[in-house]
DNA sequence: TATGAATGAGTTTTCATTCAT
DNA sequence: AATGAATGAAAACTCATTCAT
């Protein structure tokens, strides 16, 4: 039941302040990674950051604001990776899609637990303008890519591919898979199948861990 | 950080007790559906069930035990639906897969909020033997179905199809989609693509709400 | 900035519960008397009442609810005393007014600090229906009494007499006066003067402590 | 529970410093007027004054010191107004009293919320020498004025009239009254009644807003 | 067996005040 | 002198769970 958009309380001016904010974010990420959202208490974050609870509240008006900030950071990175994947290389849909899927996998790869926790928290957060914008842009990239192919509804295809990728990756990560190339191949197979681009040449490189 | 498996404290023998347990489960489901996990407090569950908090703890040793029980119920139903879908009808892989996907969608369809909340809670719950068994069985059905087809690793394919389906359905439900036939068609398309069974005849019946 | 009316959370059913509530109210009154509103913290109240903080919140949803309850109690007593003063004795305006003023003084007399603290708090409290009703009734009694006299605006006279009485009594109590008869005489003199009922026979029985 | 008298930390010598102090006082008055004592936080005062929190503490050792200073200013003005009212015009007790009452009303009239908040705070403040002196002088003026009349205890009469006036004015202001002439007439009526100077000629010009 | 009163550790958040720069 | 980052005690309130009746 998100209510009002949440953003940091004040922007750090001095170097010391910037270090404080960084320490808080880092601590929060660590706790989220190892204990999940339930373990994320403001006191614990402050303690782990080596900062007083008062300092935490100088920069983050609520606990949710911390989550929101981490989520924003994650999305920014995701957007950046997707953009690179979309532009770089040939304009062949197959290979572009493959690269974008790899980028999406990478998104979950560096800190899988953190990503999971943040995404789970997302539905409870009142997202601010930047978060919404990032979401829109991510969506737009997929849509733009797919528009080169003749599809009745590219934006729905974008939505479905994102969901499909997300679902497969999340589950695989959760199950402990770490062979990203193999995973990328399987996801790509499903994606191309969805797009009616399936062929027999990318043949099953399977094997579950 | 699940610790020890959790199961109901004692099995209700008398009719009255069975009614009490049912009332508690129903109340918990209702609260979960309408308020999410955060709204699920033991006192509230007891109140809504028209039962004293003491009685609740007679049958459920902890709050998690309630969630675990609801999750078990959900999985039992899912298993049952999948079994029917797997057995019924022709042994054609295409149509069997389609039926099974429809069954999976139905699983999220009746009480989407409840299913979401329970799945989100799952990672925090110490699953008991029955839950594990249910998971294994669900997996087994998919694997068995896919074994009729020549696949290098049917159990991984089962895993991937379940993940793919789950991801697409969850997101669609979250986005407010309610046209299940359309959704089923899209998921099936991706699944058959993954299985290299794609053809051009099931052509895009798309349209996002 | 009062927002929503506040009333007790649940009514105690068992004797034990009633004792708990009584202990809380008593403790709150004691703290209010000796330390003022600023000293009134929920933890302190609970501690002094020999009750856990949780128990306090079983019966009072917020700290304000405690204040509101004490205020209601005070007003109930005031109303009761005023009613007796208004009915009892001759219908002579002079003597009725005198009796009512004495009743008002008595109101501040038993626990002057408590009364002061509660009245100071009143403007911050979102009053509930009963409190409002009590206020109206107290006002009505004065108005009714004064209506027997030919006054252009009895309700304003009621308002002014209450204010005048309240002001004089509060200040006197604050200054440490304890000779209530003397105080009553002075207040009555001002009140009758206001009503144009002044005479020379109630001659100055003054002397400040 | 006032402890040690509180006065400004250091007297501003330079013009800039004087401006800083003025800005702080103004900001505090504004906040007090619009949000009450609860809204008065040192950080907010500093922010509104356009001054750093550190600077605020250069001139006021504690938050209470700010309140104390505002209170002193209010009393100084009140004293000044009373002095003028006492001296100016005829030495007739009736008219002098009337003028003094009008001065007292004016005291609450310019910034009713501020005056209320400050007076409410007074009982918590450890008053310094100047505040005490001001109080004494205000009292003395009333006493001096009343001494011209044959009264057994002029200082008590002074005390009572001040209390009576204060009570009526405070309540009227609180109730939203803004017709100061009407209010002055009513207060005067009570005061003269108290002094046994009542006559029938100042007949009820009543009418509550 | 059922009840519901009681518990208290734990959570978020505020704000007066200090002190390094 | 001024700044503003940092502090941390303290306050309100929640909720899973226990246990006397």
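Residue numbers (the working numbering), protein chains in the order written: chain A, 278 to 486; chain B, 278 to 486; chain C, 278 to 486; chain D, 278 to 486.
Note that CB positions come from ideal geometry on N, CA and C, so glycine has one too.
Segment limits, alpha helix (DSSP H) that includes residue 444 (chain D): For the purposes of this step, residue 444 (chain D) is identified with residue 167 of the fourth chain, where counting begins at 1. It spans 431-451 - the alpha helix (DSSP H) in which residue 444 (chain D) sits, taken as one unbroken run.
Minimum Cβ-Cβ distance from residue 478 (chain D) to chain C less than 8 Å: Sequence index remark: in the fourth chain, residue 478 (chain D) carries index 201 (1-based). Only weak support is given to the placement of residue 478 (chain D): the predicted model assigns it a pLDDT of 44, under 50, and the question is left unresolved by the model.
Interface residues of chain B facing residue 315 (chain A) [CB-CB closer than 8 Å]: The count along the first chain starts at 1 and reaches residue 315 (chain A) at position 38. Neighbours of residue 315 (chain A) on chain B, chain order: 401.
Residues from the stretch 459-473 of chain C in contact with chain D, defined by Cβ distance under 7 Å: 463, 466, 467, 469, 470, 471 and 473
Cβ contact check for the stretch 299-317 of chain A and the stretch 354-369 of chain A: 3 or more pairs under 8 Å: no
Alpha-carbon to alpha-carbon, residue 336 (chain C) and residue 358 (chain B): Reading the second chain from its first residue, position 81 is the one you call residue 358 (chain B). Reading the third chain from its first residue, position 59 is the one you call residue 336 (chain C). Distance between the alpha carbons of residue 358 (chain B) and residue 336 (chain C): 48 Å.
Cross-chain neighbours of residue 445 (chain A) in chain B, by beta carbon under 8 Å: As a first step, residue 445 (chain A) is located in the first chain; it is residue number 168 there, counting from the start. By Cβ distance, chain B contributes 437, 440, 441 and 444.
Best match in A:342, A:297 and A:338 for proximity to residue 402 (chain A) [C-alpha to C-alpha]: Residue numbering aside, residue 402 (chain A) sits at position 125 when the first chain is read from its first letter. When each option's Cα is compared against that of residue 402 (chain A), the closest is A:342.
Under 9 Å by beta carbon: chain D residues contacting residue 449 (chain C): Here the question's residue 449 (chain C) lines up with position 172 in the third chain. Simply 436, 437 and 440.
6 Å CB neighbourhood of residue 355 (chain D) in its chain, flanking five on each side removed: If you number the fourth chain from 1, residue 355 (chain D) lands on position 78. Excluding residues up to 5 positions away in sequence, 384 lie with their Cβ nearer than 6 Å to the Cβ of residue 355 (chain D) in the same chain.
Cβ-Cβ separation, residue 470 (chain A) to residue 445 (chain B) (assumed contact under 8 Å), whole Å: Locating residue 445 (chain B) in the second chain gives position 168, counting from the first residue. Locating residue 470 (chain A) in the first chain gives position 193, counting from the first residue. Wrong, their Cβ atoms sit about 13 Å apart, outside the cutoff.
Rounded Cβ spacing between residue 325 (chain A) and residue 307 (chain A) (contact assumed at less than 8 Å): As a working mapping, residue 325 (chain A) is identified with position 48 in the first chain. As a working mapping, residue 307 (chain A) is identified with position 30 in the first chain. Yes, they are in contact, since the Cβ atoms of residue 325 (chain A) and residue 307 (chain A) sit about 7 Å apart, within 8 Å.
Closer than 7 Å: residue 470 (chain C) CB and nearest the ligand FMN heavy atom: The ligand FMN is absent from the structure shown, which contains no ligand whatsoever.
Residue 449 (chain D) to residue 339 (chain C) span [Cα, whole Å]: The residue given as residue 449 (chain D) occupies position 172 in the fourth chain. The residue given as residue 339 (chain C) occupies position 62 in the third chain. The alpha-carbon of residue 449 (chain D) is positioned some 30 Å away from that of residue 339 (chain C).
Residue burial classification, residue 467 (chain A) (beta-carbon count within 10 angstroms, cutoff 16): Reading the first chain from its first residue, position 190 is the one you call residue 467 (chain A). Per the 10 Å Cβ criterion, buried.
Counted within 10 angstroms of its Cβ, other Cβ atoms place residue 270 (chain D) as buried (16 or more) or exposed: With chain D represented from 278 up to 486, any question about residue 270 (chain D) goes unanswered, as that position is not in the structure.
Residue 437 (chain D) classed as buried or exposed, judged by whether at least 16 other C-beta atoms fall within 10 angstroms: The sequence position of residue 437 (chain D) within the fourth chain is 160, counting from 1. Under this definition residue 437 (chain D) is a buried residue.
Helix, strand or coil at residue 364 (chain D) [DSSP, three-state]: Along the fourth chain, one-based indexing puts residue 364 (chain D) at 87. Helix, per DSSP.
Beta carbon of residue 408 (chain D) nearer than 8 Å to that of residue 305 (chain D): If you number the fourth chain from 1, residue 408 (chain D) lands on position 131. If you number the fourth chain from 1, residue 305 (chain D) lands on position 28. Cβ distance not < 8 Å, so residue 408 (chain D) and residue 305 (chain D) don't count as in contact.
Host alpha helix (DSSP H) of residue 473 (chain C) (start-end): Reading the third chain from its first residue, position 196 is the one you call residue 473 (chain C). Counting along the chain, residue 473 (chain C) falls outside any alpha helix (DSSP H), and DSSP gives it neither H nor E.
8 Å Cβ shell around residue 329 (chain C) - same chain, five flanking residues per side excluded: Within the third chain, the letter at position 52 stands for residue 329 (chain C). Answer for residue 329 (chain C): 323, listed in chain order.
Unbroken stretches of the alpha helix (DSSP H), 4 residues or longer, contained in the stretch 314-373 of chain A: 319-326, 330-336 and 340-364
Cβ of residue 345 (chain A) within 8 Å of any chain B Cβ: As a working mapping, residue 345 (chain A) is identified with position 68 in the first chain. Chain B, which has no Cβ nearer than 8 Å to the Cβ of residue 345 (chain A), makes this no.
Contacts around residue 391 (chain A), its chain only, beta-carbon distance under 6 Å, and the 5 residues preceding and following it disregarded: Looking up residue 391 (chain A) in the first chain gives position 114. Hits under 6 Å: 306, 309 and 310.
Proximal residues of chain C, C-beta to C-beta of residue 397 (chain D) below 7 Å: As a first step, residue 397 (chain D) is located in the fourth chain; it is residue number 120 there, counting from the start. Chain C residues near residue 397 (chain D): 397.
Supposed contact pair residue 423 (chain D) and residue 440 (chain D) - C-beta distance, whole angstroms, cut 8 Å: In the fourth chain, counting from the first residue as 1, residue 440 (chain D) sits at position 163. In the fourth chain, counting from the first residue as 1, residue 423 (chain D) sits at position 146. With a Cβ gap of about 14 Å, residue 440 (chain D) and residue 423 (chain D) do not count as contacting.
Coarse secondary structure for residue 395 (chain C), derived from DSSP in three states: Mapped onto the third chain, residue 395 (chain C) falls at position 118. Residue 395 (chain C) falls in the helix class under three-state DSSP.
Of the listed residues A:376, A:350, A:292 and A:371, nearest to residue 473 (chain A) (C-alpha basis): To locate residue 473 (chain A), count along the first chain from 1; it is residue 196. Considering only alpha carbons, the answer is A:371.
Residue 299 (chain D) (DSSP reduced to helix, strand or coil): Here residue 299 (chain D) is taken as the residue at index 22 of the fourth chain, counted from 1. Helix at residue 299 (chain D).
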